[in-house]
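Remarks on the structure that follows.
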Amino acid sequence: MKSTWRTDKTGWTFDHHLVSILYSGPDKKAPVYQKTDPLPVLAQWSVDLWVILWAAFPMVLQWLYIAVTGENIPAVAAFVLYWLTFQGNAIHEVRILARLGSQ
């Protein structure tokens, strides 16, 4: 399977350019390994820690807002906060995976 949508930029819309900027990986080619090479393993605890830390970030921000103001954050602001942190996490994760895949 090969991704070819990045090769012809003549038909790109704004969304294509945005995805290309935000989700761009390293410019290096992905390495090719021998079938006899050992498969790298990612420990489950490190993945769990990643999820907990990134999921706790917007909750801590919301808790700080409540602690400082004494009121709950408005629903629209909560949606924007959680949506932006989710998008930021997704962009960050895709970049890290692209970097790890090209090592």
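In this note's numbering, the protein residues as written are 28 to 130.
Here a beta-carbon is modelled for each residue, glycine too, at the ideal position from N, C-alpha and C.
Values in this document were obtained by computation on a predicted structure and should not be read as measured data.
query: Cutoff 8 Å; reference Lys36; Cβ partners in own chain excluding five residues on either side; result: His43
query: Exposed unless 16 or more other CB atoms sit within 10 angstroms - verdict on Pro65; result: exposed
query: Beta-carbon spacing of Ala105, Gln89 below 8 Å; result: yes
query: C-alpha distance - Tyr92 paired with Ile100, whole-angstrom precision; result: 7 Å
query: Alpha carbon of Pro67 to alpha carbon of Ser73, nearest angstrom; result: 14 Å
query: Those runs of the alpha helix (DSSP H) which lie wholly inside the stretch 58-97 and span at least 4 residues; result: 71-96
query: Pro85 burial status per 10 Å Cβ neighbour count (16 or more: buried); result: buried
query: Val46 versus Thr63 - alpha carbon distance; result: 35 Å
query: CB-CB length for Leu49 against Ile118, believed under 8 Å; result: 5 Å
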